[in-house]
Amino acid sequence: MQPIEPAGRWLWEVLRQLGIEREFRAHRALSAWETIVGESIARVAQPLRIEGGTLWVAVKSNAWAQELQFQKAILLQRLNEKAGNDCFKEIRFVVRSQLRHPSSGSPSQREHRFLPQDLELTSEEREALQQSVATIEEPALREAIYRAREASLRYEKWRIQSGWRRCEQCGEWHAESSRRCFLCREQGRAGR
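Following the numbering used here, the numbering of the sequence shown begins with 4 at its first residue and continues without gaps.
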């Protein structure tokens with residue numbers, strides 16, 4: 004009686020013979036997208052398709068496309084570590100303002116999400132805003148600056164209530180559970 008071979012070895016051989024092993028490894032790596040890129044990036048960037056070693060990624064805005072362009076080498080390295088060195092050669096970013104992404108949390112958690120403009124400011128916060136623009140003589144300019152500062156304050160409160168924190172290294176806001184943002188963590192790894 005012959006010893007039984009592990010199914011995994013047999014499966015990889017079949018995939019290789021069919022000429023789809025590389026594609027299978029790439030798709031398997033993409034199933035771990037959030038783990039590879041981190042929580043905050045996974046919220047604003049999602050893989051669309053793979054064409055000849057090029058991964059097309061939908062991003063939420065031009066700003067994110069620019070940001071991820073700077074991180075492309077790190078992302079390629081992490082993807083290829085997961086899939087195998089020959090799977091991903093290039094990443095292209097495409098802006099799609101309406102990203103579809105897997106919903107996180109339970110249905111009740113999703114129902115209770117809120118936006119910055121939904122937050123109420125305290126009377127003390129409103130008074131501080133009024134005082135900050137009191138010396139501006141032009142009424143239209145004073146009102147515009149007040150509205151901008153009010154929106155900024157609401158956004159900062161929203162970040163805090165949504166679990167965002169400032170990176171202890173660079174001071175930028177991020178929504179990950181770590182004390183340092185993705186870029187600072189990656190720069191720390193690269194400097195080793």
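Quick reminder that beta carbons are idealized off the backbone N, C-alpha and C, glycines included.
Backbone CA spacing between R150 and N83 [nearest angstrom]
Taking the first residue of the sequence shown as position 1, residue 150 is located at position 147. Taking the first residue of the sequence shown as position 1, residue 83 is located at position 80. Taking the straight line joining both Cα atoms gives about 46 Å.
Per DSSP, which residues does E93 bridge with? Please list them.
Indexing the sequence shown from 1 puts residue 93 at position 90. Answer by DSSP bridge pairing, in chain order: T57.
Count the other C-beta atoms from every protein chain shown that fall within 10 angstroms of the C-beta of K92, then say buried if there are 16 or more, exposed otherwise.
As a position in the sequence shown, residue 92 is number 89, starting the count at 1. Around the beta-carbon of K92, fewer than 16 other beta-carbon atoms lie within 10 Å, marking it exposed.
For the candidate residues L71, V47 and Q69, whose alpha-carbon lies nearest to that of K63?
Start at 1 with the first residue of the sequence shown, and residue 63 comes out as number 60. It is V47.
Tell me which same chain residues have a C-beta within less than 7 Å of the C-beta of R25, skipping the five on either side of it?
On the sequence shown, position 22 is the one that residue 25 refers to. Listed in chain order, the non-local C-beta contacts of R25 below 7 Å within the same chain comprise D89 and C90, local neighbours out to five positions each way being set aside.
Among V60, R168 and L124, the one whose alpha carbon lies nearest that of A154
The count along the sequence shown starts at 1 and reaches residue 154 at position 151. Looking at the Cα atoms, L124 is the closest of the given residues.
Taking C-beta to C-beta, are E141 and S43 nearer than 7 Å?
Reading the sequence shown from its first residue, position 138 is the one you call residue 141. Reading the sequence shown from its first residue, position 40 is the one you call residue 43. In this structure, E141 sits away from S43, with a CB-CB distance that is not shorter than 7 Å.
Terminal residues of the continuous alpha helix (DSSP H) containing N65?
In the sequence shown, counting from the first residue as 1, residue 65 sits at position 62. Run containing N65: N65 to F73, per the alpha helix (DSSP H) assignment.
Backbone secondary structure at Q172 - three-state DSSP
Position 169 of the sequence shown, counted from the first residue, corresponds to residue 172. If DSSP states are grouped into helix, strand and coil, Q172 belongs with coil.
Can you say whether L71 is buried or exposed, counting buried as having 16 or more other CB atoms within 10 angstroms of its CB?
Numbered from its first residue, the sequence shown carries residue 71 at position 68. Per the 10 Å Cβ criterion, buried.
H30 versus S165: straight-line alpha-carbon distance, rounded:
Taking the first residue of the sequence shown as 1, we reach residue 30 at position 27. Taking the first residue of the sequence shown as 1, we reach residue 165 at position 162. Their backbone Cα atoms lie some 31 Å apart in a straight line.
Specify the secondary structure class of R99 as computed by DSSP and reduced to three states.
For the purposes of this step, residue 99 is taken as the residue at position 96 of the sequence shown. Residue state, collapsed to three classes: coil.
If you run the structure through DSSP and keep just helix, strand and coil, what is L122?
Mapped onto the sequence shown, residue 122 falls at position 119. Shown here, L122 sits in coil according to DSSP, grouped into three states, outside any helix or strand.
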